[in-house]
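Protein chains: 2
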Amino acid sequence: MIDTSATVLTVARKRSLDEGPVLREAIMDASADLFYERGFGATSIRDIADAVGISSSTMYHHFTNKQDILHACVARFMTEFVAATVPILKDPTRSPTERVREMVRLHLEISDDRRSELLVGNPIRHALNPEQQKEGIALQQAYHDAVRDAIRDGTARGEFAAVDPEITTMAVLDMLNGVREWYRADGTLSRDEVIGMYTEIVFKVLR
Amino acid sequence: MIDTSATVLTVARKRSLDEGPVLREAIMDASADLFYERGFGATSIRDIADAVGISSSTMYHHFTNKQDILHACVARFMTEFVAATVPILKDPTRSPTERVREMVRLHLEISDDRRSELLVGNPIRHALNPEQQKEGIALQQAYHDAVRDAIRDGTARGEFAAVDPEITTMAVLDMLNGVREWYRADGTLSRDEVIGMYTEIVFKVLR
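Protein chains in written order, with the working numbering: chain A, 552 to 758; chain B, 552 to 758.
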């Protein structure tokens, strides 16, 4: 026979322990969607609280202000993006060709899956404080450097013949970043078709 | 002997005739700089009037509101960009290779010279009304289509062997648009060096 009272107690304790982090994540998710749809300036703390279904005062328990939420969104996304891509780009057991092929796929998939979190352009540049901007730029730089090093490695091994590893990295990342601006899942091209064509274009640039 | 009174009169009339358009352009230039530096939301009509050295009421004589100024900036830039590039892309007396080479140079030069007017990203998407957005998108589309047609033409003539003219156009324009985000005249690379390397990368993509 199940001791229901103990189960209820366990669930209640688990809930109170998890509530903080879980709610924090929920606030970040709702904020990313609202910032993406309406812009950072046009979204109020009240809008975010309403979307999550909590009061503004509960909200202030988790975040000091809107900038603090934006920073948490950017930091979470960038940290996870770097964690997903950089180890592959540095993996010594794979060839530079394989590493770049996997990077193209991950870059396009993550950018599509987490479109609203990318929050590119002015909101980040203008709405974050210098310290927060520096943190975001350092994560972007870690990714950029890992891509460039894979291209350098491929050039050293004779797999690639890129124009200049630094400039080629910029060109490749800018073209991949562009996809989220126009790609829609309900368009004429499937995501895999887009990934296939961009992989081909990237290897034209590299060879 | 010069009839000074007539000269003064001519100058005075010229000034009153020119004042409108000249001041309008000056307001647009100052606004583009402020929107670029501080963001659209953080710039007030008063900031713009101060930068031009006029009163807010003189300002309202030329523009209804901030959105109206942003629209004028975007429309002027896009119209002039299209006027500079599309005729070259469609020029039947030049080969597709020559047309694309000239497009790459113009795209990078104009983007650098008129950086603040580009006003990319959220300000345009969120701050313009649907009619104004449509106008900007139509001009972007005219440029995109001219690039794609030059690539198609080059493919038909056997000069190019691009993956897909539509996707290749996206990739090429995104990589060119990326340059303004990192290129600085006081960096290690001269503008001509950057143009040279991007031209080489674009032709790798096309061939």
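Virtual Cβ for every residue (Gly too), placed ideally from N, Cα, C.
Residue i to residue j span [Cα, whole Å]
i: B:VAL745; j: B:PHE586; result: 26 angstroms
i: B:MET748; j: B:GLU653; result: 14 angstroms
i: A:ILE599; j: A:ALA678; result: 17 angstroms
i: B:SER582; j: A:THR706; result: 45 angstroms
i: A:THR648; j: A:GLY571; result: 43 angstroms
i: B:MET726; j: B:ILE578; result: 31 angstroms
i: A:ARG589; j: A:ASP580; result: 14 angstroms
i: A:ARG699; j: B:ARG742; result: 21 angstroms
i: A:HIS612; j: A:ALA634; result: 29 angstroms
i: A:SER662; j: B:SER608; result: 46 angstroms
i: A:PHE614; j: A:ILE620; result: 6 angstroms
i: A:GLY738; j: A:VAL730; result: 13 angstroms
i: A:GLU717; j: B:GLU631; result: 32 angstroms
i: A:LYS685; j: A:ASP696; result: 16 angstroms
i: A:VAL573; j: A:VAL603; result: 11 angstroms
i: B:LEU757; j: A:ARG758; result: 13 angstroms
Residue i - DSSP class collapsed to helix/strand/coil
i: B:LYS641; result: coil
i: A:ALA593; result: coil
i: B:SER741; result: coil
i: A:ASP715; result: coil
i: B:PHE614; result: coil
i: B:GLY571; result: helix
i: A:GLU710; result: coil
i: B:LEU690; result: helix
i: A:ARG758; result: coil
Below-9 angstroms beta-carbon distance, residue i vs any chain A residue
i: B:GLU732; result: yes
i: B:VAL625; result: no
i: B:GLY592; result: yes
i: B:VAL519; result: No answer is possible for residue 519 of chain B: it lies beyond the span of chain B, which begins at 552 and ends at 758.
Beta-carbon neighbours of residue i, restricted to chain A and to distances below 8 angstroms
i: B:ALA722; result: MET726, GLY729, TYR749 and ILE752
Residues that residue i contacts on chain B, provided the C-beta gap is smaller than 9 angstroms
i: A:ILE596; result: Residues of chain B passing the Cβ test: none, with the nearest at roughly 16 angstroms.
i: A:VAL573; result: Residues of chain B passing the Cβ test: none, with the nearest at roughly 29 angstroms.
Within chain B, the residues that residue i reaches when beta carbons sit closer than 8 angstroms
i: A:LYS617; result: What A:LYS617 touches in chain B: nothing, since even the nearest Cβ is about 13 angstroms away.
Amino acids of chain A, ordered along the chain, whose beta-carbon sits closer than 7 angstroms to that of residue i
i: B:LYS755; result: LYS755 and VAL756
CB contact check: residue i to chain B, cutoff 9 angstroms
i: A:VAL698; result: no
i: A:VAL655; result: no
i: A:VAL745; result: yes
Distance cut-off 8 angstroms: residue i Cβ against heavy atoms of the ligand HEM
i: A:THR719; result: Absence of the ligand HEM is noted for the structure shown, with no ligands found whatsoever.
Review point. Using Cβ-Cβ distances below 8 angstroms, what residues of the region 700-722 of chain B are close to chain A?
Key: VAL714, ASP715, ILE718, THR719, MET721 and ALA722
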